[in-house]
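Chemist: Please see the structure below; I have some questions.
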Amino acid sequence: MTANEFLAGIENYEKFDPSNGTVEGKTYVVVPTTTETDKDSDVVINGHITLAHNTTLIFAGGKISGTGTLTGDNTRLIAPITQIFGEDITVDGIWEMDRAYPQWFGARNDISNNEFWHLRVACEAAKSTKENPLAPAAEKDNIEKARDAALKNLKAWKVDSSDAINKAMKLKHAGEVFLPKGNYAICKTLKVPYGIVLRGELGDYTNNTITRWITDENNKLKKDITQLPDGDYPLGGDTPPDNLTSYYKLGTIIRPLNTNYPLTVDSDGTPITSFDNNFAVVINPNIHPNEYHNEAWEHQFPPAFTTIRDIHFTNFWTETPSMRGIYAIGGIKIENVTWSQFVQAVATPDDMYCDGKTIINCGFNSSVDCIFKDFVFETSVEESEEIIKRFAQDQKEYYAFDLNGLGDNLYFHRNHMNMNEIAGGLKLSKSNGAQISCNIINDNIAFYDCKGISFSANHCEDGIQVKISNSQIDFSGNYFHKGPKPTFLIRDNNARGSVNVQSSTITLQNNSLVFLDHEDESSKLYIGNISPYDIQTDGYLSLSIQNTYRYRTPRNAAGSMHGCGLAILKEIWTIGEPEPELIPFTEFNDLSYLLSGSSLIKPNFHIVHNHVVNNTQFFRASAMANNNIVWFLEKGAYHYRMQTIWDKKRLIGSSTLTLGDFNLGEIGSNPNMGKPQGLLLNIGANSYDGPSDGNGNQVVIRLMRARANGNTAYHSIEIPVCGTRFLYDNGLSVCGFKWKQETSIAPLTVNTMIQSIHFVGDNVVCKGTACPTVGEWTVGDIVYNTGSASTNAMWIYTANGWQAR
35 MTANEFLAGI ENYEKFDPSN GTVEGKTYVV VPTTTETDKD SDVVINGHIT LAHNTTLIFA
95 GGKISGTGTL TGDNTRLIAP ITQIFGEDIT VDGIWEMDRA YPQWFGARND ISNNEFWHLR
155 VACEAAKSTK ENPLAPAAEK DNIEKARDAA LKNLKAWKVD SSDAINKAMK LKHAGEVFLP
215 KGNYAICKTL KVPYGIVLRG ELGDYTNNTI TRWITDENNK LKKDITQLPD GDYPLGGDTP
275 PDNLTSYYKL GTIIRPLNTN YPLTVDSDGT PITSFDNNFA VVINPNIHPN EYHNEAWEHQ
335 FPPAFTTIRD IHFTNFWTET PSMRGIYAIG GIKIENVTWS QFVQAVATPD DMYCDGKTII
395 NCGFNSSVDC IFKDFVFETS VEESEEIIKR FAQDQKEYYA FDLNGLGDNL YFHRNHMNMN
455 EIAGGLKLSK SNGAQISCNI INDNIAFYDC KGISFSANHC EDGIQVKISN SQIDFSGNYF
515 HKGPKPTFLI RDNNARGSVN VQSSTITLQN NSLVFLDHED ESSKLYIGNI SPYDIQTDGY
575 LSLSIQNTYR YRTPRNAAGS MHGCGLAILK EIWTIGEPEP ELIPFTEFND LSYLLSGSSL
635 IKPNFHIVHN HVVNNTQFFR ASAMANNNIV WFLEKGAYHY RMQTIWDKKR LIGSSTLTLG
695 DFNLGEIGSN PNMGKPQGLL LNIGANSYDG PSDGNGNQVV IRLMRARANG NTAYHSIEIP
755 VCGTRFLYDN GLSVCGFKWK QETSIAPLTV NTMIQSIHFV GDNVVCKGTA CPTVGEWTVG
815 DIVYNTGSAS TNAMWIYTAN GWQAR
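Counting from 35, one number per residue, gives the positions in the sequence shown under my numbering.
Here's what the structure looks like:
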């Protein structure tokens with residue numbers, strides 16, 4: 035029989051009277067009782083009532099209250115979404131319902147800002163002021179009285195819904211507890227038992243506008259905010275909400291409210307709130323301690339049945355600082371959940387084995403100064419002229435998603451993190467199998483002691499760094515903004531002093547490391563601060579690189595690919611020293627134009643590769659001042675020269691090409707750009723002399739620059755070109771490769787007679803018209819003679835130098 039069928043015949047059911055007992059299988063209706071004064075009253079239970087097996091309770095306007103206990107025995111419950119149990123009644127036993135509602139226990143979803151800020155405003159108003167000075171003891175007593183009065187008001191107003199939500203979850207045991215849309219305040223941690231689905235309603239959480247990125251007449255992306263017309267709201271419907279600025283209320287919102295106010299901090303400087311370890315939610319905690327349960331969690335090694343979904347957690351960080359989101363003990367599924375102004379979204383314990391962690395379609399946003407240390411902040415409350423100030427400290431480092439502990443089958447998909455001042459976005463520790471895909475992660479990422487990790491199709495902005503230690507990870511198809519640090523830091527502190535140890539196995543395949551040009555000093559990604567290196571490592575690794583390049587692009591611009599090679603920085607550790615010596619990995623960097631496409635770096639920085647350069651003939655190029663690159667140096671005339679280098683160690687290259695003098699820093703002819711012009715270098719699609727079996731613009735371009743007025747301010751730069759047609763000089767760098775000061779712009783003396791190169795291990799097999807005369811060659815190198823000046827077939831490099839054969 036359905037709930038509607040029950041309600042249709044409600045007048046035929048016996049009224050529930052706890053003093054008369056219940057009969058197995060019978061249906062009872064709970065209605066208000068009428069007192070002698072004709073006022074409705076609750077059904078009161080002050081003792082312990084156990085309902086008969088398989089009974090049904092239908093609530094039709096009535097409520098059960100009192101200080102007793104009502105125990106169900108496979109009891110079916112049918113009720114509207116309103117309060118049906120008093121605050122002091124205990125409901126336990128086995129109950130059956132489609133879903134449970136916190137409103138049954140008095141939860142409110144209409145909390146206003148006035149109620150939310152009541153405690154803080156009352157305490158602040160009780161403090162000593164210039165107009166009403168108080169002695170310290172009197173001020174303390176005044177604040178305590180105000181606090182006690184405010185807490186009584188909050189209780190009377192039923193602001194706190196945490197007890198009601200926890201009771202609804204206990205009543206349901208397993209299955210869905212539903213929070214209808216609206217604002218809920220919680221003053222203590224929600225403890226979600228194993229098997230519960232805590233679910234809200236999705237909302238837009240924004241105004242009735244749509245934000246899009248569109249392309250303007252200059253092929254630049256710009257933000258377009260469009261007001262939606264009536265009947266075109268994101269959630270449907272022809273009638274706009276009464277208050278468009280409160281459009282977010284269409285969803286379920288949970289707001290932590292700290293009742294430990296005025297704020298105190300622990301010995302570490304962490305604010306002490308009314309929440310367990312500052313977590314809003316704990317999943318699968320040990321809420322029923324006995325000999326059948328583990329000390330730490332209620333259900334050991336649980337499958338991922340426990341779920342939280344479709345809820346927006348928002349925190350006023352000035353009211354409840356250092357607020358953390360969910361602490362999950364065991365298998366979980368978290369879907370369509372967002373956190374605003376928290377210091378952490380989800381954390382899991384480091385010392386528990388657990389499979390099946392799933393986090394999908396979630397969002398995390400932490401405001402600036404949400405984490406702060408020795409920081410005074412100001413917040414307006416109620417009246418704009420009323421400014422509240424206080425100190426708060428938190429010296430801990432948080433990752434938004436801190437997923438620790440042994441376990442398999444971790445799935446982290448389509449999540450969005452906007453971090454600002456948080457220490458990191460995502461951390462995995464001890465995971466034995468995870469897929470991390472299609473996320474936007476705008477702060478640091480860390481992997482410690484992980485295996486079987488797939489990190490693919492993720493978008494990482496704001497110059498984040500990926501830290502890796504003792505892990506096996508496949509990075510594929512990801513987008514990284516370059517920042518002040520190398521994008522990848524791969525090291526193993528435990529391997530120090532060892533030789534040829536392979537601690538991490540890393541694959542970089544089809545990734546884009548993007549250098550954002552046009553960034554001025556106001557940007558956190560200011561081009562003058564961008565690291566010239568992409569990877570930093572101590573060499574205890576096996577690193578496979580396949581088609582992973584550095585790309586240059588202006589901010590918010592769509593267009594051509596400008597691919598260049600990677601640059602690697604070596605860490606050389608000395609026992610007893612706290613920090614390593616950092617030196618360029620020249621063996622890789624000098625051949626990055628080839629190795630970024632395909633190479634393998636083994637322990638102790640040994641490179642395994644096999645590449646062929648078919649044509650080392652002279653490159654053509656041209657240059658011009660250009661609107662698409664902003665100049666950051668002094669305005670004036672600059673002189674440029676260019677040289678192509680195929681093997682810097684062996685000094686195989688071309689003669690020098692003079693590009694000319696260029697007036698840089700002038701405002702261009704396009705008035706819409708309005709910025710000083712930099713230099714565009716065009717090395718062209720068919721810019722070399724020779725046959726069509728060239729190398730696709732893969733070479734090291736060495737540029738030399740000086741001021742044209744007497745050729746002063748000498749600089750040089752070497753760019754590993756990987757197929758791009760254009761290079762852009764902003765004065766400070768080219769594609770993130772920085773200019774180096776020189777004493778002159780004299781070109782390198784190179785071997786121009788080499789026509790092709792085959793790299794075989796540590797050696798080369800070349801074709802050339804003469805024997806090389808300069809460079810550092812390796813024993814076993816061979817140059818086959820293609821010229822007519824001598825009759826020998828080849829030259830072989832031996833311990834005694836070149837030998838003709």
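Even for Gly, the Cβ is constructed at its ideal location relative to N, Cα and C.
On the CB-based measure, 16 or more other CB atoms within 10 Å of its CB, does A171 come out buried or exposed?
Modeler: Start at 1 with the first residue of the sequence shown, and residue 171 comes out as number 137. Exposed.
Chemist: Would you identify the three-state DSSP class for R448, choosing helix, strand or coil?
Modeler: The residue given as residue 448 occupies position 414 in the sequence shown. Reduced to three states, the DSSP call for R448 is coil.
Chemist: Helix, strand or coil for E45, going by three-state DSSP, please let me know.
Modeler: Translated into the one-based positions of the sequence shown, residue 45 becomes position 11. It is helical.
Chemist: Where does N660 fall in DSSP's three states?
Modeler: The residue labelled residue 660 in the question sits at position 626 within the sequence shown. Here N660 sits in strand by DSSP.
Chemist: Keeping to the same chain, check which residues put their C-beta closer than 6 angstroms to that of L628; ignore five residues upstream and five downstream.
Modeler: By 1-based counting over the sequence shown, the position of residue 628 is 594. Same-chain partners within the cutoff: H645.
Chemist: By Cβ distance below 6 angstroms, which residues in the same chain neighbour G234 in space, the five residues on each side in sequence not counted?
Modeler: As a position in the sequence shown, residue 234 is number 200, starting the count at 1. Taken in chain order, the residues that qualify are L213, T286, D344 and I345.
Chemist: Drop a sphere of 10 angstroms on the beta-carbon of R142, count the other beta-carbons inside from all chains shown, and report buried for 16 or more, exposed for fewer.
Modeler: In the sequence shown, residue 142 corresponds to position 108, counting from 1. When all chains shown are included, R142 counts as buried.
Chemist: Taking C-alpha atoms, which residue in P355, G390, C388 and Y361 lies nearest to S400?
Modeler: Translated into the one-based positions of the sequence shown, residue 400 becomes position 366. Nearest C-alpha to S400: P355.
Chemist: Which residues in the same chain have their Cβ closer than 6 angstroms to the Cβ of I686, if we skip the five residues on either side of it in sequence?
Modeler: The residue given as residue 686 occupies position 652 in the sequence shown. The answer, listed in chain order, is W680, N785 and I788.
Chemist: Just to confirm the assignment, what range does the alpha helix (DSSP H) spanning C157 have?
Modeler: For the purposes of this step, residue 157 is identified with residue 123 of the sequence shown, where counting begins at 1. It spans H152 to A159 - the alpha helix (DSSP H) in which C157 sits, taken as one unbroken run.
Chemist: Could you tell me if E417 is buried or exposed, where buried requires 16 or more neighbouring beta carbons within 10 angstroms of its beta carbon?
Modeler: Within the sequence shown, numbered from 1, the residue matching residue 417 stands at position 383. Because E417 sits at a pLDDT of 34, beneath the cut-off of 50, its placement in the model cannot be relied upon, and the following sentence gives the value as read from the coordinates. Classification of E417: exposed, given that the 10 Å Cβ count is below 16.
Chemist: Can you look up E615 in the DSSP assignment and give me helix, strand or coil?
Modeler: One-based indexing of the sequence shown puts residue 615 at position 581. E615: strand per DSSP, three-state reduction.
Chemist: Consult DSSP for S556 and reduce its assignment to one of helix, strand or coil.
Modeler: By one-based count along the sequence shown, residue 556 stands at place 522. If DSSP states are grouped into helix, strand and coil, S556 belongs with coil.
Chemist: Which stretch, first to last residue, makes up the alpha helix (DSSP H) that contains T620?
Modeler: The sequence position of residue 620 within the sequence shown is 586, counting from 1. Unbroken alpha helix (DSSP H) run through T620: T620 to N623.
Chemist: Who are I83's beta bridge partners in DSSP?
Modeler: Translated into positions along the sequence shown, residue 83 becomes position 49. Per DSSP, L104.
Chemist: Less than 8 angstroms separating the beta-carbons of A379 and C396?
Modeler: Indexing the sequence shown from 1 puts residue 379 at position 345. Indexing the sequence shown from 1 puts residue 396 at position 362. Yes, Cβ-Cβ distance for A379 and C396 is below 8 angstroms.
Chemist: Checking the sheet assignment: what are the DSSP bridge partners for N534?
Modeler: Sequence index remark: in the sequence shown, residue 534 carries index 500 (1-based). For N534, which the question treats as bridged, DSSP gives no partner whatsoever.
Chemist: Under 8 angstroms by Cβ, that's how I've got I701 and A740 pegged, so tell me the actual separation to the nearest angstrom.
Modeler: In the sequence shown, counting from the first residue as 1, residue 701 sits at position 667. In the sequence shown, counting from the first residue as 1, residue 740 sits at position 706. About 23 angstroms separates the two Cβ atoms, so there is no contact after all.
Chemist: Let's see if you can read the secondary structure: which residues bound the alpha helix (DSSP H) around L628?
Modeler: By 1-based counting over the sequence shown, the position of residue 628 is 594. Taken as a continuous stretch (DSSP letters only), the alpha helix (DSSP H) holding L628 covers S626 to L629.
Chemist: If you drop the 5 nearest sequence neighbours on each side, which residues of the same chain put their C-beta closer than 8 angstroms to that of S632?
Modeler: Counting from 1 along the sequence shown, the entry for residue 632 is found at position 598. For S632, where only same-chain residues beyond five positions count, the Cβ hits under 8 angstroms are I579, Q580, N581, H643 and H645.
Chemist: Report yes if the CB atom of E553 is closer than 8 angstroms to the CB atom of L559, and no otherwise.
Modeler: Within the sequence shown, residue 553 is the residue found at index 519, counting from 1. Within the sequence shown, residue 559 is the residue found at index 525, counting from 1. Cβ distance < 8 angstroms, so E553 and L559 count as in contact.
Chemist: Just the Cα atoms here: how many angstroms apart are F50 and V77?
Modeler: Residue mapping note: residue 50 aligns to position 16 of the sequence shown, counting from 1. Residue mapping note: residue 77 aligns to position 43 of the sequence shown, counting from 1. For F50 and V77, the distance between alpha carbons rounds to 8 angstroms.
Chemist: Using 7 angstroms as the cut-off, classify the Cβ of F549 as near or not near the heavy atoms of the ligand GTP, replying yes or no.
Modeler: With respect to the ligand GTP, the structure offers nothing, as it holds no ligand at all.
Chemist: Between which two residues does the beta strand (DSSP E) harbouring I679 extend?
Modeler: Position 645 of the sequence shown, counted from the start, is the residue given in the question as residue 679. It spans G670 to D681 - the beta strand (DSSP E) in which I679 sits, taken as one unbroken run.
Chemist: Taking the alpha helix (DSSP H) that A655 falls in, what are its first and last residues?
Modeler: For the purposes of this step, residue 655 is taken as the residue at position 621 of the sequence shown. Careful: A655 lies outside any alpha helix (DSSP H) and carries neither H nor E.
Chemist: Whole-angstrom Cβ separation of F760 and L715, contact assumed at under 8 angstroms?
Modeler: Within the sequence shown, numbered from 1, the residue matching residue 760 stands at position 726. Within the sequence shown, numbered from 1, the residue matching residue 715 stands at position 681. Yes, they are in contact, since the Cβ atoms of F760 and L715 sit about 7 angstroms apart, within 8 angstroms.
Chemist: Could you pull the start and end residues of the alpha helix (DSSP H) that M203 belongs to?
Modeler: Indexing the sequence shown from 1 puts residue 203 at position 169. Unbroken alpha helix (DSSP H) run through M203: S196 to K206.
Chemist: Taking 6 angstroms as the limit between beta carbons, can you name the residues of its chain near G316, skipping five residues before and five after?
Modeler: Residue mapping note: residue 316 aligns to position 282 of the sequence shown, counting from 1. Looking at the sequence itself, residue 316 is Val, so the reference to Gly does not match. The answer, listed in chain order, is T223, K225 and Y361.
Chemist: Judging by CA-CA distance, which residue of N697, D695 and T620 is the nearest neighbour of L600?
Modeler: Walking along the sequence shown from the start, residue 600 turns up at place 566. Taking each of N697, D695 and T620 in turn and checking the Cα distance to L600, the smallest one comes out for T620.
Chemist: If you draw a straight line from the alpha carbon of L153 to that of G106, how long is it in whole angstroms?
Modeler: The count along the sequence shown starts at 1 and reaches residue 153 at position 119. The count along the sequence shown starts at 1 and reaches residue 106 at position 72. Roughly 38 angstroms separates the two Cα atoms.
Chemist: Exposed or buried, what is D572 when buried is set at 16 or more other beta-carbons lying within 10 Å of its beta-carbon?
Modeler: Locating residue 572 in the sequence shown gives position 538, counting from the first residue. Buried, by the Cβ-count rule.
Chemist: Expressed to the nearest angstrom, what Euclidean distance is found between the alpha-carbon atoms of G460 and L444?
Modeler: By 1-based counting over the sequence shown, the position of residue 460 is 426. By 1-based counting over the sequence shown, the position of residue 444 is 410. As written in the sequence, residue 460 is Leu, which differs from the Gly given in the question. One C-alpha to the other measures close to 13 angstroms.
Chemist: Assuming S537 and D526 make a contact with CB atoms under 8 angstroms, what is their CB distance in whole Å?
Modeler: What you label residue 537 is simply residue 503 of the sequence shown in a count that begins at 1. What you label residue 526 is simply residue 492 of the sequence shown in a count that begins at 1. About 4 angstroms separates the two Cβ atoms, so the contact holds.
Chemist: Given a threshold of 16 other Cβ atoms within 10 Å of its Cβ, counted over all protein chains shown, does V817 qualify as buried or as exposed?
Modeler: For the purposes of this step, residue 817 is taken as the residue at position 783 of the sequence shown. That one is buried.
Chemist: Considering Cα atoms alone, identify which of K215, Q677 and K164 is closest to G237.
Modeler: As a working note, residue 237 is residue 203 in the sequence shown. Nearest option by C-alpha distance: K215.
Chemist: Taking only the alpha-carbon atoms, compute the straight-line gap between T539 and L575 and give it to the nearest angstrom.
Modeler: If you number the sequence shown from 1, residue 539 lands on position 505. If you number the sequence shown from 1, residue 575 lands on position 541. Their Cα atoms are separated by approximately 6 angstroms.
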